[in-house]
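Enquirer: Read left to right, the sequence shown gives residues -2 to 370 (this note's numbering). Note that CB positions come from ideal geometry on N, CA and C, so glycine has one too.
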Amino acid sequence: MSFFDPDTQLLQFRHVNGSQFYVPLDELDAFVQYNIRICINYGSQFGASIVLLIILLLLTRREKRGSAVFTLNALALLFNAIRLLCQVIHFTTALEKIYPFFAYDYSEVPDSAFAISILSVVFLTLLLICVMSSLVVQVQVVCATLRRRYRRPILGLSVLMATVPIGFRIGWTVINCMYIMSLGDILSTMWLESATNIVITISICYFCAVFVTKLGFAIRQRRRLGVRDFGPMKIIFVCGCQTLTIPALLSILQYMIDVPELSSNVLTLVAISLPLSSIWAGAALGEGGQRLESQPRPRRNLWQALAFGVESASRTVHSKHVATELTASTAAQTLCYSDQTTGKKSEDSDTPLGISVEHDICVNSTRRGGLAV
């Protein structure tokens, strides 16, 4: 009796015109397994992006929400979530059904399926633009204390390292969208996708190397000055190392192991690491400021507004600041008194009494209980 392997048997299908074609069972299994694995990958990235976007909106202070870094990081997470959602929806459209895929018959596929695929490619390009722009802005902030002869070359090279991956990605986006609409064979242009992944990896490594090197020298200088607390600079250093090594490692591993769309994790990890480091560093900076101040200032964020209401939160903050702030009109009418509440007279004390008067504040002299005030 001959040996029969059921996993290699051929399945018979029919075209619309009635002609037959055969599909090996192992290819059908690979098709189904690929869709399952890649949807798990995209779904996990989508959940992580949504969670961190919510955390970023809740924990970022109101005065920091107008900064360019916050805007770029929030847009990167938003574009990444939309891109991943479109890619997950793509595997529920008619483009990923068994018959159109193996029969190469996409005549019954609606235009909405092609539109979803094109949207995922476009939003991936927008994600890369936001990530690269955020890295350029952060490098500019980190290198602000350097000398001009060092700062300008670094910024110029940073802009070049950001525009080259964006240019490659835009070119690959145009070609990819054309092949999606024409349903052509994209294998001849796979070199462009590989080149795009390589330049993105080099760019991320460059930015993070500059970022981590500058902060490493700053931390070393702080240690020489005796500052050894685990502050915001060390936090950014740790997250910078993470942003440097892990995406580069994933970019290299995609050519060594068979994991579907491993390269898509690179930009997702960078988009998550950038706001995560700023949130962590901002929290540590706020704790340090509270330890230095006797009366810590309240942290105004979106969570307080949602929990206690915008009016109550603003009313509380306003009542705390009104008592300490003086305008020019009220300062001129302020009365300063120096009353003695103890039984001892001023002559018995060796320390002279004095009054500290601010500008435009008048001091009136009155009598209380026979004492000159």
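#1: Quick check on this structure: which residue in Glu93, Val128, Gly153 has the alpha carbon closest to the alpha carbon of Ala71?
#2: Verify whether the separation of the beta carbon atoms of Phe28 and Phe98 is less than 8 Å.
#3: Quick check on this structure: which residue in Arg144, Leu8, Val106 has the alpha carbon closest to the alpha carbon of Glu93?
#4: Between the stretch 70 to 85 and the stretch 32 to 41, do three or more beta carbon pairs fall short of 8 Å?
#5: In angstroms with no decimal places, state the Cα-to-Cα distance between Trp188 and Arg59.
#6: Which term fits Val319, buried or exposed, when burial requires 16 or more other beta carbons within 10 angstroms of its beta carbon?
#7: Give me the Cβ distance between Leu50 and Leu69, rounded to the nearest whole Å; I'm assuming they're in contact under 8 Å.
#8: Could you work out which residue in Leu154, Ser104, Ile249 is closest to Ser179 when comparing CA atoms only?
#9: Extract the residue ranges of the alpha helix (DSSP H) inside the stretch 146 to 223, only unbroken runs of 4 or more that lie entirely within it.
#10: Taking C-beta to C-beta, are Ile197 and Ser46 nearer than 8 Å?
#11: Please work out which residues of its chain come closer than 6 Å, Cβ to Cβ, to Ile130, disregarding the five sequence neighbours upstream and downstream, and give them in chain order.
#12: Apart from the five residues on each side of it in sequence, which residues of its chain come closer than 6 Å, Cβ to Cβ, to Phe120?
#13: Any idea which residues DSSP pairs Val133 with across the strands?
#14: Which term fits Phe204, buried or exposed, when burial requires 16 or more other beta carbons within 10 angstroms of its beta carbon?
#15: Looking at C-alpha atoms only, which residue of Ala141, Leu123, Val156, Thr210 is the closest neighbour of Thr170?
#16: Give a yes or no on whether the C-beta atoms belonging to Val136 and Ser117 are separated by under 8 Å.
#17: Could you check if Pro244 is buried or exposed, using at least 16 other CB atoms within 10 Å of its CB as the buried criterion?
#18: Near Asn173, what residues of its chain come up, given a Cβ to Cβ distance below 6 Å and the 5 sequence neighbours on each side ignored?
#19: List the residues that DSSP assigns as beta-bridge partners of Leu8.
#20: According to DSSP, simplified to helix, strand and coil, what is Ala329?
#21: Drop a sphere of 10 angstroms on the beta-carbon of Ser261, count the other beta-carbons inside from all chains shown, and report buried for 16 or more, exposed for fewer.
#22: Under 6 Å Cβ to Cβ from Ala159, same chain only, skipping five residues before and after it: list those, please.
Expert: Short version:
#1: Val128
#2: yes
#3: Val106
#4: yes
#5: 45 Å
#6: Unreliable positioning characterises Val319 in this predicted model, as indicated by a pLDDT of 42, which lies under 50. The coordinate reading is nonetheless provided below. Exposed, since its Cβ has fewer than 16 Cβ neighbours within 10 Å.
#7: About 13 Å; that fails the 8 Å criterion.
#8: Ser104
#9: 187 to 221
#10: no
#11: Note on identity: in this sequence residue 130 is Ser, with Ile being the wrong assignment. Same-chain partners within the cutoff: Leu69.
#12: Phe76, Ile79, Arg80
#13: Answer is none; Val133 lacks a bridge partner.
#14: buried
#15: Leu123
#16: no
#17: buried
#18: Val118
#19: Val20
#20: Bear in mind that a pLDDT of 38 at Ala329, under 50, signals an unreliable position, so the model cannot answer this.
#21: buried
#22: Met129, Val133
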